[in-house]
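Residue 0 is where the sequence shown starts when you use numbering that gives the first Met the number 0, and the numbers rise one by one after that. Cβ coordinates follow ideal geometry from the N, Cα and C atoms, glycine included. Please read all numbers here as calculations on a predicted model, not as lab measurements. Beneath this line is the structure, given in structure tokens, with notes to follow.
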Amino acid sequence: MGQAVKYESFCGRKLALWIGMMLLLNCLVQEELYWIEDRLKARMPSSSDSDEEYEAYQQALELVWEELEYFPVPDSTLKDTEAVSFENTWQAERTYGGKRKHEGCDLIPEKEESGYYPVISMTDGVVERAGWLEKGGWRIGIRSDNGNYYYYAHLESYVGDWREGDQVQAGDLLGYMGDSGYGPEGTTGQFPVHLHVGIYMPLGVEDELAINPYWMLKYLEEKKVKWDY
């Protein structure tokens, strides 16, 4: 496997961050803006609280953009085509386990083969969750140094024995894309092979806010690495 190389240019990083933020602010569909507004307003008893919390939300969002390092699925050195494609399916309806909204973005591989595509960490952080989840299958959740939670689901397998508290560096190999989930432990084949990516920001002491990873992934398309597979 190849190794990801750190993106060291500070000026380039700040420019990319600014472009990414402008992309988010200008490209959010109206339904997303309404959803964010409703979530925040539901927690705020006064307009002053609303202003403070919205400012905190903006600051927290900036931290997400700053800590992003790599696109989660490397391209192959053996092919000229991109490994995966994805669309904005944020808040699309899901029905397994009851009607719910999609809190993430699905990366669809070019080749329909479980266990073929490597999945790497987008950020530095610490493993907070690993193992089986009924809806997420074999998943891993990484808490960044800024407190944001990065969720990678439906893996075919892990690389090594990830445990809670393990340190992770951006670009580390986490596992391989699969089709696990939607049933008891070990269930596969209930849907096509893909990687579900979720990003959650802390909201208050005990709550978290899911944000749309689509725009972050579009930004990270410029920060892909290539591996030998």
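- Excluding residues up to 5 positions away in sequence, Arg38, Tyr199, Met200, Leu202 lie with their Cβ nearer than 7 Å to the Cβ of leucine 208 in the same chain.
- With contacts defined as CB atoms closer than 8 Å, valine 126 and isoleucine 141 qualify as a contacting pair.
- Non-local C-beta neighbours of serine 113 in its own chain, meaning closer than 6 Å and more than five positions away in sequence, comprise Glu155, Gly177, Asp178, Val192, ordered along the chain.
- Within the same chain, Cβ atoms closer than 7 Å to the Cβ of asparagine 145 are found at Leu62, Glu66, the five residues on either side in sequence being excluded.
- The stretch 80-91 makes contact with the stretch 101-108: 3 or more CB pairs, one atom from each, lie closer than 8 Å.
- Taking asparagine 147 as the centre and dropping the five residues before and after it, the same chain places the C-beta of Val63, Met200 closer than 6 Å to its C-beta, in chain order.
- Between the C-alpha atoms of tyrosine 175 and alanine 55 there is a straight-line separation of about 35 Å.
- Sixteen is the threshold: when 16 or more other Cβ atoms of the shown chains lie within 10 Å of the Cβ of glutamate 68, as they do, the residue is buried.
- Using a 10 angstroms sphere on the CB of aspartate 227, the tally of other CB atoms stays under 16, which defines it as exposed.
- Taking a contact as a CB-CB distance under 8 Å, the pair histidine 195 and glycine 135 counts as one, their CB atoms being some 7 Å apart.
- Looking at Asp123, Trp161, Thr122, the one whose alpha-carbon comes closest to that of arginine 138 is Trp161.
- DSSP places leucine 173 within a strand segment (E or B) once states are collapsed to three.
- Bounds of the alpha helix (DSSP H) holding tyrosine 213 are 213-219.
- Under the rule that a run must span 3 or more residues, the beta strand (DSSP E) segments found entirely inside the stretch 93-137 read 104-108, 117-119, 124-132.
- Here leucine 60 is buried. Its C-beta has 16 or more other C-beta atoms within 10 Å.
- Considered as a whole, the stretch 152-198 harbours 172-176 as its complete beta strand (DSSP E) runs of no fewer than 3 residues, in chain order.
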